[in-house]
Amino acid sequence: MDIASVLERRRGRLAAKRAMDIVLSAGALCVLWPVFLLLAAAIVADDPGPVFYRQVRIGRGGKPFRIYKFRSMVVDADKKGLPITVGGDSRITRVGAFLRRTKLDELAQILNVLAGQMSFVGPRPEVPRYVERYTPYQRQVLLVRPGITDYASIAYRRENDMLAGAADPERMYVEEIMPAKIELNMKYIREISPAADIRLIFRTIAAVAKD
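Under numbering that gives the first Met the number 0, the first residue of the sequence shown carries the number 0, and numbering increases by one thereafter.
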């Protein structure tokens, strides 16, 4: 059974999943706004510039959107290197290194979740240049909303360190890591449900705490 058929049969679960995203994202923003203010102050004090980093990613249906992250790199980092980040990347600020290690930079994506561009759980959205390389099979991940976390995010949470040891980091990402992550995306999509989301959220929290 292809992914489109799986999703058609689970329309009710998808509706419940979106409702859960709305409730959780609205609640999280109400609770976490003091944390957002503290992170914003730390980012600007360390490296003057925008608090948020916005980048074009490809969402559900192949539609581009701007993903939010708390800025962890120097201003205009996109113009100073590859679209992927490797361990020890000189573009990462001091506060940014902490944000990345603790995944606090991803909290800004709660705004994308509330707006309906993302879900708490789903395939991580890619930049256009990598989506252009997708095979028809791989493009099936674009049938669902992308997410903040999923199986691939947990399995490859040390991706930057893996890439740091590669002779050609971008080639390693495109030829090895990206296809493996997409297979994990497919595993998630085949079992997509609010219950699966809750399990993955707790697994993500446990993985971050362990690190």
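Virtual Cβ for every residue (Gly too), placed ideally from N, Cα, C.
Just so it is clear, the structure is predicted and the values come from calculations on it, not from any experiment.
Inter-residue spacing [alpha-carbon to alpha-carbon] between residue i and residue j
i    : j    : result
P145 : L106 : 15 Å
L37  : L103 : 11 Å
S118 : I197 : 12 Å
V22  : L199 : 17 Å
A208 : E7   : 36 Å
A151 : L31  : 26 Å
V5   : D167 : 37 Å
V130 : K62  : 11 Å
G87  : G11  : 44 Å
I191 : R17  : 12 Å
A96  : P33  : 21 Å
F35  : K78  : 26 Å
M161 : E175 : 11 Å
Residue i and residue j closer than 7 Å at C-beta
i    : j    : result
L81  : E158 : no
V85  : A163 : yes
G60  : P124 : no
I181 : Q137 : yes
A27  : I109 : yes
M171 : A165 : yes
Cβ-Cβ separation, residue j to residue i (assumed contact under 8 Å), whole Å
i    : j    : result
I153 : A206 : 5 Å
P122 : V94  : Not confirmed; about 28 Å, so no contact.
V55  : V126 : 7 Å
T101 : D46  : Between D46 and T101 the Cβ distance is about 18 Å, and since that is not below 8 Å, they are no contact.
A76  : R90  : 4 Å
Chain-order list of residues whose beta-carbon lies under 6 Å from that of residue i (same chain, five-residue window excluded)
i    : result
Y52  : K68, R70
I147 : E105, Q108, F119
G48  : V74
R99  : S71
Same chain only: Cβ atoms within 7 Å of residue i, ignoring 5 sequence neighbours per side
i    : result
V50  : A39, I42, V43, F69, R70
D20  : V112, S118, F119
M177 : Y129
N184 : P122, V140, D149, A151
R132 : V173
T203 : T148, S152, I153
Q116 : G58, F64
Residues near residue i in its chain [Cβ-Cβ closer than 8 Å; skip 5 each side]
i    : result
P142 : Note that residue 142 corresponds to Leu in the displayed sequence, not to Pro. These residues qualify, in order along the chain: I2, A3, L6, R59, G60, I188.
Ignoring anything shorter than 4 residues, give me the alpha helix (DSSP H) runs that lie fully in the segment 91–116, in order along the chain. 93–101, 109–114
In chain order, which continuous runs of the alpha helix (DSSP H) of length 4 or greater are located wholly inside the segment 117–161? 127–130, 150–154
Which runs of the alpha helix (DSSP H), 4 residues or longer, sit entirely within the segment 176–206? 177–189
Whole beta strand (DSSP E) elements within the segment 57–88, 3-residue minimum: 63–69
At what residue ranges does the segment 17–50 contain a whole run of the alpha helix (DSSP H), taking only runs of 4 or more? none
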